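The working numbering numbers the first residue of the sequence shown as 7 and each following residue consecutively.
Glycine residues also receive a C-beta, built at the ideal position from the N, C-alpha and C atoms.
Since we're looking at a predicted model, the values are computed, not measured.
This report refers to the structure that appears directly beneath it.
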Amino acid sequence: MTEDSAILQLRNVTGGYGKKQVLFGVSLVVRRGELVAIIGPNGAGKSTVFKVAMGYLQPWEGLVFLNGQGVRSLPTHERVARRMGYVPQGRVVFPDMTVDEHLDVGAWLVKSREARRRAKEYVFQIFPRLAERRGQKAGTMSGGERQMLSMGRALMAQPTIILLDEPSLGLSPKLVDEVFQHIETINRAGVAVLMVEQNAAKALRHAHRAYVIDMGKNHLEGSGKQLLDDPEVRRSYLGG
Ligand SMILES: Nc1ncnc2c1ncn2[C@@H]1O[C@H](COP(=O)(O)OP(=O)(O)O)[C@@H](O)[C@H]1O
Ligand SMILES: [Mg+2]
7 MTEDSAILQL RNVTGGYGKK QVLFGVSLVV RRGELVAIIG PNGAGKSTVF KVAMGYLQPW
67 EGLVFLNGQG VRSLPTHERV ARRMGYVPQG RVVFPDMTVD EHLDVGAWLV KSREARRRAK
127 EYVFQIFPRL AERRGQKAGT MSGGERQMLS MGRALMAQPT IILLDEPSLG LSPKLVDEVF
187 QHIETINRAG VAVLMVEQNA AKALRHAHRA YVIDMGKNHL EGSGKQLLDD PEVRRSYLGG
């Protein structure tokens, strides 16, 4: 059983690569409309949690629910069809493809031309800047704009939840703020967000709730503010 408002729920997930165990029991929930962050040190297993959630990696044990239904054995494309969006680490864009072409790629699940047009309109409403630049090649865009484009591509499938892996990684402080604005824009449009962030202090400031994952386990959880004020979090995860 899961609560009615839960979109995504992981319960006691263990798993890893080959014989190497990385996750030792991870549980989390994202409810409708929430903005949830996962923070924790490098190598803690955060991206692995996302791979399990998206079905790229089978968990060894534990359960994954999407809208209350078990999806442990559902392939990734079926999860995307059930409105899960995923933006992998590293702003994966194709330098020679235009904004429009990227969005078309994101619409591979959308069958009719009319539905694709509406999906693009939806994305342009959320990110008007992408509409202004529909003919621009991704290679000529800034890091912040490329992140927006990666998110826009995932939004073409009109997800109810979107998983963002390290969206601000490698960006200058000004562009980091810009990316967090984009994330809030998506969330205000009604999309639940689960993000992994190295930029822990900023992530906690923007998130409704957050989880600290350390060594493949849940370590702490609370509201963004609770964790920001927590002395242990400050000492161990926010650099003092
Ligand atoms: N494809 C893979 N094959 C083997 N080990 C991996 C693979 N991906 C990640 N790992 C290992 O799993 C652990 C957790 O990685 P990851 O989930 O990427 O951590 P995080 O995202 O928290 O930095 C690390 O020790 C990493 O080296
Ligand atoms: Mg990672």
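Take the Cβ of residue i as the centre, count every other Cβ of all protein chains shown within 10 Å, and call the residue buried at 16 or more, exposed below.
| i | result |
| --- | --- |
| S148 | exposed |
| S182 | Checking the sequence shown, residue 182 turns out to be Val, not Ser. Result: buried. |
| P101 | exposed |
| R159 | buried |
| S174 | buried |
| M221 | exposed |
| R124 | exposed |
| A195 | exposed |
| P81 | exposed |
| Y23 | exposed |
| A121 | exposed |
| T54 | buried |
| N48 | exposed |
| D171 | buried |
| A113 | buried |
| E40 | buried |
| H83 | exposed |
| V111 | exposed |
| K26 | exposed |
| S178 | exposed |
| E238 | exposed |
| Q15 | buried |
| P65 | buried |
What residue range is occupied by the uninterrupted alpha helix (DSSP H) comprising residue i?
| i | result |
| --- | --- |
| Q131 | R119 to I132 |
| F56 | K52 to M60 |
Assuming residue i contacts residue j under a Cβ cut-off of 8 Å, what Cβ separation, rounded to an integer in Å, is found between them?
| i | j | result |
| --- | --- | --- |
| I13 | A206 | 23 Å between Cβ atoms; not a contact. |
| S11 | R38 | 5 Å |
| T20 | L34 | Actually they do not touch by this definition, with Cβ atoms about 14 Å apart. |
| V86 | L115 | 6 Å |
| V202 | F71 | Contact flag wrong, Cβ pair sits at about 20 Å. |
| V199 | T166 | About 11 Å separates the two Cβ atoms, so there is no contact after all. |
| V129 | L169 | Actually they are not in contact, since the Cβ atoms of V129 and L169 sit about 17 Å apart, beyond 8 Å. |
Determine the DSSP secondary structure at residue i, reduced to helix, strand or coil.
| i | result |
| --- | --- |
| A113 | coil |
| V28 | strand |
| R17 | strand |
| S33 | strand |
| G150 | helix |
| L136 | helix |
| G22 | strand |
Please report the residue range of the beta strand (DSSP E) in which residue i lies.
| i | result |
| --- | --- |
| A43 | L41 to I45 |
Please give the ranges of any beta strand (DSSP E) in the segment 64-95, keeping only runs that are unbroken, at least 3 residues long and fully inside the region. 67-72 and 90-93
Go through the segment 154-236 residue by residue and report every complete run of the beta strand (DSSP E) that reaches 3 residues or more, in order. 167-171, 198-202, 215-220 and 223-229
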